[in-house]
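Structure record follows, encoded as structure tokens.
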Amino acid sequence: MAKDGDVKALRELVAREGAQTLLKREEMDVVGSSALYCAAAYGHLSVLEYLWEESGVGPQLAQMVDDYGWTPLMLAAGDGRLRVVECVLADERRCPPEMVRAVSNGRDYYPQSTALHYVAANGHEAVVRLLATRFTDAHSHGLQEGQDGGSMGT
Numbered sequence: 046m047a048k049d050g051d052v053k054a055l056r057e058l059v060a061r062e063g064a065q066t067l068l069k070r071e072e073m074d075v076v077g078s079s080a081l082y083c084a085a086a087y088g089h090l091s092v093l094e095y096l097w098e099e100s101g102v103g104p105q106l107a108q109m110v111d112d113y114g115w116t117p118l119m120l121a122a123g124d125g126r127l128r129v130v131e132c133v134l135a136d137e138r139r140c141p142p143e144m145v146r147a148v149s150n151g152r153d154y155y156p157q158s159t160a161l162h163y164v165a166a167n168g169h170e171a172v173v174r175l176l177a178t179r180f181t182d183a184h185s186h187g188l189q190e191g192q193d194g195g196s197m198g199t
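Quick note: the sequence shown uses the working numbering, first residue 46, plus one each step.
And the structure:
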């Protein structure tokens, strides 16, 4: 449903089974990709908006990662989906600073990487500029809180 951009089907699912069904493992694909992750991956902004604003489980979905530790932001950035990345970063409820700094678990072909690593590796210049600014802001936010802010692998 989310993968296909079908907001109507998602609304019907939530009406029939409740929003919590979107958080269940069996509603995800084989690597644990949530509806939000799939919508980000395929660039379905209307599905993203529904999941964040209307489903009632947007904050929980925003914090979910797949089996590789990838976030919706990482996937959208790596695919160069500028409009999706802008949408994700538009509100800290959708992507708090710690999610900008999030690092994958290294079980894929991009070991221990952030969204900025993924997008830089794939050469999507506009998304690199956007994320570089946000990553710097998120890193500074983490330092202000006494955290290390993550590593850029340098």
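Glycine residues also receive a C-beta, built at the ideal position from the N, C-alpha and C atoms.
Just so you know, these numbers come straight off a predicted model, no measurement behind them.
Whole-angstrom C-beta distance between residue j and residue i, which should lie under 8 Å
{"i": "Thr116", "j": "Ala147", "result": "5 Å"}
{"i": "Ala84", "j": "Asp124", "result": "Contact flag wrong, Cβ pair sits at about 12 Å."}
Assigned exposure category for residue i - 16 Cβ within 10 Å defines buried
{"i": "Thr159", "result": "buried"}
{"i": "Ala135", "result": "exposed"}
{"i": "Ser91", "result": "exposed"}
{"i": "Asp49", "result": "exposed"}
Pick from the options that is closest to residue i, judged by C-alpha positions
{"i": "Leu96", "options": "Glu143, Asp51, Ala177", "result": "Asp51"}
{"i": "Arg179", "options": "Lys69, Val130, Glu98, Leu90", "result": "Val130"}
{"i": "Leu120", "options": "His89, Ala60, Thr66, Leu58", "result": "His89"}
{"i": "Ala122", "options": "Ala171, Leu67, Val92", "result": "Ala171"}
{"i": "Pro142", "options": "Ala64, Ala107, Thr66", "result": "Ala107"}
Alpha-carbon spacing of residue i relative to residue j, whole angstroms
{"i": "Glu57", "j": "Met46", "result": "10 Å"}
{"i": "Ser79", "j": "Met109", "result": "7 Å"}
{"i": "Ala64", "j": "Ala54", "result": "13 Å"}
{"i": "Glu62", "j": "Lys69", "result": "11 Å"}
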